[in-house]
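Engineer:
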Amino acid sequence: MTHQQRVGLAAMADRFPAAELMRLSSLAERAGFDGTVLSDHFQPWLARHGHAAHSWSLAGALGQAGRGPLGIAAVTAGYRLHPAVLAQAAATLNDLYPGRFWCALGAGEALNEHVVGQYWPEAAERVRQMFEALEVVTKLFATLGDAPGSRRTTARHRGSSFTVETSSLWAENPTPPPVLIATSGPATARRAGRSADGLMTIATTPERAGLLRERFLTGVAEAGRDPDTVRTVLRLDASWAADEETALRQAIEEWPLPAVRFPRSDVRSPQDMEQLVRGIGAEDFEGRMLVSADTDAHVRAIQAYLDLGYDEVYLHNAGTDQAGWIAHVGAEVLPRLRLRGTGHDSTPSARQHAQDLPHAPGPTPKEQDNDDDRTRPRLQGLRRAV
């Protein structure tokens, strides 16, 4: 089966209050957006945003407000949320909204995870822990589907980071929800292809996004998996407004994060980030985020990622007038996009793409160096044991 392509809303729980996110998600669905993905934060990136709704609670409510796909990304298993509890929460939402819910695991950020007082490790260790968490969740999902009153299938796990004693998930839906891996690194994307249900990334350039998808599908092929059973998902940040001046101003004031040219995973407080984004200007967004009042430019940007073969693209606009932007996209952007599976097929399926790949090449030294943030300079003084 080849997935039908979708364009949905990225609802930023670290920017807007929960009730407003409910309203925006409903507006987006009525405007033609197909699905919502929630960010998962304990604190906002910037103090000026002033919000950080609990994504799992909010997802339960959002599911009642719409009918499309519903995701949470990226979730860090460990620290705030043991993977066994994550599996239970995901199975519950999967019971409530069968065939709609999904989540993506990430390696995490100190901003959200340091609050529980655990040591914050290097990126390589966090990536290892992320894949161990995926193993735990997968084991527990394998216990789903037993009939009430029957002998329960059980799972247990003893690993470097997590322990799960003999237990089961007591949920009704026997088909587990998809669990993706969120990453910006080619080596991690390739590893995800061997075991995860999909790949999620945040767009920087089509070239980078294409490389990540290619590496993910290489991992899928290496594991002998059917590429049409996995999905690739992308979040696209942009700044659109009625004029160029407003588009730039709202990018700088409301969402300067794409212009930050150093790893953010060690930043611990919104106040620290406020200091780190001071002085960002128009030139810092070049090649990092589209800032434009030109609707055609936004259509081309979205289409570029669809043409790479990404199954789902979730849009996030930097501006504060989210309702106005949603209405504009629904009227002027979505009708112009060519989506696979809707009669305007212009993109390769995952199976076609996988067949065209060269035989499982390893990541080049440059790709390995760029994988996540494990070899890039770290922010001095921000990472420490608490």
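Numbering (UniProt numbering), first residue to last: 1 to 386. Using N, Cα and C, we set each Cβ at its ideal position, and we do this for glycine too. Note that the structure is a prediction, hence the values are computed from the model and not measured.
(1) Between the beta-carbon of residue 39 and the beta-carbon of residue 62, is there less than 7 Å?
(2) Taking just the CA atoms, how far does residue 256 sit from residue 34?
(3) For the beta strand (DSSP E) that residue 387 lies in, which residues bound it at each end?
(4) Note down the Cα distance separating residue 198 from residue 81, rounded to an integer number of angstroms.
(5) With which residues is residue 6 paired in a DSSP beta bridge?
(6) Would the beta-carbon of residue 308 fall within 7 Å of that of residue 282?
(7) So residue 56 and residue 89 are supposed to be a Cβ contact under 8 Å. How far apart are they, rounded?
(8) Report yes if the CB atom of residue 18 is closer than 7 Å to the CB atom of residue 58, and no otherwise.
(9) In whole angstroms, give me the CA-to-CA distance for residue 316 and residue 202.
(10) Starting from residue 166, follow the beta strand (DSSP E) in both directions and report where the run begins and ends.
(11) Taking Cβ positions, are residue 299 and residue 336 nearer each other than 7 Å?
(12) Just to confirm before moving on: does the CB-CB distance between residue 330 and residue 31 stay below 7 Å?
(13) For residue 75, count neighbouring Cβ atoms within 10 angstroms of its own Cβ and tell me buried if that reaches 16, exposed if not.
(14) Would you call residue 120 buried or exposed, if buried means 16 or more other Cβ atoms sit within 10 Å of its Cβ?
(15) Under three-state DSSP, which class holds residue 158?
(16) Give the single residue among 305, 268, 273, 245 whose Cα lies nearest to the Cα of residue 293.
(17) For residue 237, which residues does DSSP report across the bridge?
(18) Would you mind reading off the limits of the alpha helix (DSSP H) that contains residue 136?
(19) Need the endpoints of the alpha helix (DSSP H) that residue 31 sits in, please.
(20) With C-beta atoms as the reference, is residue 250 less than 7 Å away from residue 318?
(21) How far does the alpha helix (DSSP H) with residue 38 in it reach, from first residue to last?
(22) Mind checking who residue 101 pairs with in its DSSP beta bridge?
(23) Within 10 Å of its beta-carbon, does residue 188 have 16 or more other beta-carbons around it, so buried, or fewer, so exposed?
(24) Taking all protein chains shown into account, do 16 or more other C-beta atoms lie within 10 angstroms of the C-beta of residue 184, making it buried, or fewer, making it exposed?
Structural biologist: So, from the listed chains and residues:
(1) No, the Cβ-Cβ distance between residue 39 and residue 62 is not below 7 Å.
(2) Whole-angstrom Cα-Cα distance: 26 Å.
(3) Any property of residue 387 remains undetermined from this structure, which presents the chain solely from 1 to 386.
(4) Approximately 21 Å, taken between the alpha carbons.
(5) 312
(6) no
(7) 5 Å
(8) yes
(9) 11 Å
(10) 163–167
(11) The answer is yes: Cβ separation under 7 Å.
(12) yes
(13) buried
(14) Buried, because 16 or more other Cβ atoms sit within 10 Å of the Cβ of residue 120.
(15) strand
(16) 245
(17) 316
(18) Per DSSP, the continuous alpha helix (DSSP H) segment holding residue 136 begins and ends at 123–141.
(19) 18–31
(20) yes
(21) That residue, residue 38, is in no alpha helix (DSSP H); its beta strand (DSSP E) goes 36–38.
(22) Residue 101 pairs with 70.
(23) buried
(24) When all chains shown are included, residue 184 counts as buried.
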